[in-house]
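**Student:**
In my numbering, the protein residues as written are 825 to 1027.
#1: Are the region 1015-1027 and the region 958-969 in contact at 8 Å, needing three or more beta carbon pairs?
#2: Taking just the CA atoms, how far does residue 977 sit from residue 1000?
#3: Which one or two residues does DSSP pair with residue 964 in a beta bridge?
#4: For the alpha helix (DSSP H) that residue 942 lies in, which residues bound it at each end?
#5: Going by the DSSP bridge assignment, what does residue 936 pair with across the sheet?
#6: When you compare each of 903, 870 and 898 to residue 919 by their alpha carbons, which one comes out closest?
#7: Classify residue 924 as helix, strand or coil using the three-state DSSP reduction.
#8: Going residue by residue through the region 833-870, where are the continuous alpha helix (DSSP H) segments of at least 4 residues, counting only ones entirely within it?
#9: In chain order, what residues of the same chain have a beta carbon less than 8 Å from the beta carbon of residue 949, not counting five sequence neighbours either side?
#10: Identify the residues that DSSP records as bridge partners of residue 931: which are they?
#11: Identify whether residue 905 lies in helix, strand or coil by the three-state DSSP scheme.
#12: I need the DSSP call for residue 897, collapsed to helix, strand or coil.
#13: To the nearest angstrom, how far is the alpha carbon of residue 883 from that of residue 848?
#14: State yes or no: is the C-beta of residue 809 within less than 7 Å of the C-beta of residue 981?
#15: Exposed or buried, which one is residue 925 when buried takes at least 16 other CB atoms within 10 Å?
#16: Find out if the Cβ-Cβ distance for the pair residue 835, residue 850 is shorter than 7 Å.
#17: Look up residue 990 in the DSSP assignment and say whether it is helix, strand or coil.
#18: With distances taken from CA atoms, which of 896, 988 and 839 is nearest residue 879?
#19: In whole angstroms, give me the CA-to-CA distance for residue 937 and residue 827.
#20: Reducing DSSP to helix, strand and coil, say where residue 890 ends up.
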């Protein structure tokens, strides 16, 4: 058992440091790829080495849909950073495009909208994301704050560029969707002082 733990620790270190050769060696010697979670995979590292490592790990048993880490899931981490290359890799590895963070129900689409990333928003929608998937009711976020059953359109109405709102609407977003506080996207737009043309778009 201690040997297995040591090998897993070696694998984790190798992943975090982008040591491709050591990753291969640790797995070949018996390390369990399932021990690697979003807590250990650093998608902020945009190197070719990390990309190769992640692709390899998914092929040998690392769970691309692991959702037991409170800080987030791979899809939301890479959506936040606008990493389309990684998001494509996750889908190739079998990622659920609608997978949500267990603590609050936030999806990659929600994150892309919140951070005003139109290319990432389009990626999610073009790959089958549920445009009206709602967050949990009164749940904490990793930033100070809470979510209250909002859809992506609620978040867009609060502050995203008009092009993101239009993209969501083209993909069927429900203007009448209500949060757990019974507010529509238009209510969010009004409260956040959005321009009359944006408010008209949501009416």
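For every residue, glycine included, the Cβ atom is placed at its ideal position computed from N, Cα and C.
**Tutor:** If we stick to the structure as given:
#1: At 8 Å Cβ cutoff, the stretches do not touch.
#2: Near 10 Å, if we compare the C-alpha coordinates of residue 977 and residue 1000.
#3: Residue pairing by DSSP puts residue 964 in a beta bridge opposite 970.
#4: Start and end: 942-950.
#5: Paired residue(s): none; residue 936 is not in a bridge.
#6: Answer by Cα proximity: 898.
#7: It is a strand residue.
#8: The region 833-870 contains these whole alpha helix (DSSP H) runs: 844-852.
#9: Within the same chain, residue 949 has close Cβ partners 933, 955, 991, 992 and 995.
#10: In the DSSP assignment, the residues bridged to residue 931 are 924.
#11: Correct three-state label for residue 905: coil.
#12: Of the three classes helix, strand and coil, the one that applies to residue 897 here is coil, per DSSP.
#13: Cα to Cα, the separation comes out at about 12 Å.
#14: Nothing in the structure corresponds to residue 809, since the chain is present only between 825 and 1027.
#15: Classification of residue 925: buried, given that the 10 Å Cβ count is 16 or more.
#16: If you check the CB distance, residue 835 and residue 850 come in under 7 Å.
#17: In the structure shown, residue 990 adopts helical secondary structure according to DSSP, grouped into three states.
#18: It is 839.
#19: Between residue 937 and residue 827, the C-alpha separation is close to 45 Å.
#20: Coil.
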